[in-house]
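Enquirer:
Numbering (my numbering), first residue to last: 1 to 202.
(1) In chain order, what residues of the same chain have a beta carbon less than 6 Å from the beta carbon of residue 186, not counting five sequence neighbours either side?
(2) Would you tell me roughly how many angstroms separate the C-alpha atoms of residue 107 and residue 169, rounded to the nearest one?
(3) For a quick check, are the C-beta atoms of residue 159 and residue 26 less than 9 Å apart?
(4) What's the call for residue 215, buried or exposed, on a 16-neighbour Cβ count within 10 Å?
(5) CB-CB under 8 Å to residue 81, same chain, minus the five flanking residues each way: which ones, in chain order?
(6) Taking just the CA atoms, how far does residue 130 sit from residue 69?
(7) Checking 9 Å against the spacing of the C-beta atoms, do residue 77 and residue 139 come in under that value?
(8) Would the beta-carbon of residue 157 fall within 9 Å of that of residue 61?
(9) Considering only the alpha carbon of each residue, which of 11, 98, 47 and 51 lies closest to residue 205?
(10) Where residue 133 and residue 10 are concerned, what is the direct C-alpha to C-alpha distance, given to the nearest angstrom?
(11) Following the continuous alpha helix (DSSP H) through residue 74, name the residue where it begins and the one where it ends.
(12) Could you tell me whether the Cβ atoms of residue 47 and residue 105 are closer together than 9 Å?
(13) Who are the Cβ neighbours of residue 115 in its own chain at under 7 Å, not counting the five residues just before and after it?
(14) Assuming residue 135 and residue 55 make a contact with CB atoms under 8 Å, what is their CB distance in whole Å?
(15) Figure out for me which residue from 24, 142 and 50 has the closest Cα to the Cα of residue 40.
(16) Give me the Cα-Cα distance between residue 128 and residue 6, rounded to the nearest whole angstrom.
(17) Assuming residue 150 and residue 22 make a contact with CB atoms under 8 Å, what is their CB distance in whole Å?
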């Protein structure tokens, strides 16, 4: 499996972290009250846990990962754009916004597991620590910038507008990944594991 896949994956991880922190910085102004805010904050943990459990299913081993990456991050972006557009104060809107925000986090949870697995299958054991460290370090270091920029823009332009902007970045990542053959041509885990065995034997 070609190592050039790591760069576009890293771009996606960076943008996800940047967008998430920018959106989180605006949640206190977006939320309709303490209960709504608590629900939205809990959705990240619930969604990531659910996503990590879903991805363990045997059916995931036969899913084309390139298609999953491109459509998955587009789903996160669209869900969070719709989530950001909701403004009316009602119990129904609170529930819908929670479901939309949670939907994105479920996919993020799946991405976390799949991305780490792909990196483990893409690099040699000697380079694994460096590859994982780079991905985690770079994506984590960009998070404060997203929070600072998101909060500052939220004060100037309003939380809904800024959250839509940050969510739209995820849709652009989907387009970027679609243009990358290393992502687009990703097969399922079964073929990746088989290709890795052949790759490191040569």
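For glycine and all other residues, C-beta sits at the position ideal for the given N, C-alpha and C.
Nothing here was measured: the structure is a model prediction, and the numbers come from that model.
Expert: Here's the rundown:
(1) 65 and 66
(2) 16 Å
(3) yes
(4) No answer is possible for residue 215: the residues shown for the chain start at 1 and end at 202.
(5) 164, 167, 168 and 171
(6) 23 Å
(7) no
(8) no
(9) Any answer about residue 205 is impossible in this case: the structure gives the chain only from 1 up to 202.
(10) 11 Å
(11) 65–85
(12) yes
(13) 9 and 13
(14) Contact doesn't hold; Cβ gap of about 18 Å is too wide.
(15) 24
(16) 11 Å
(17) 3 Å
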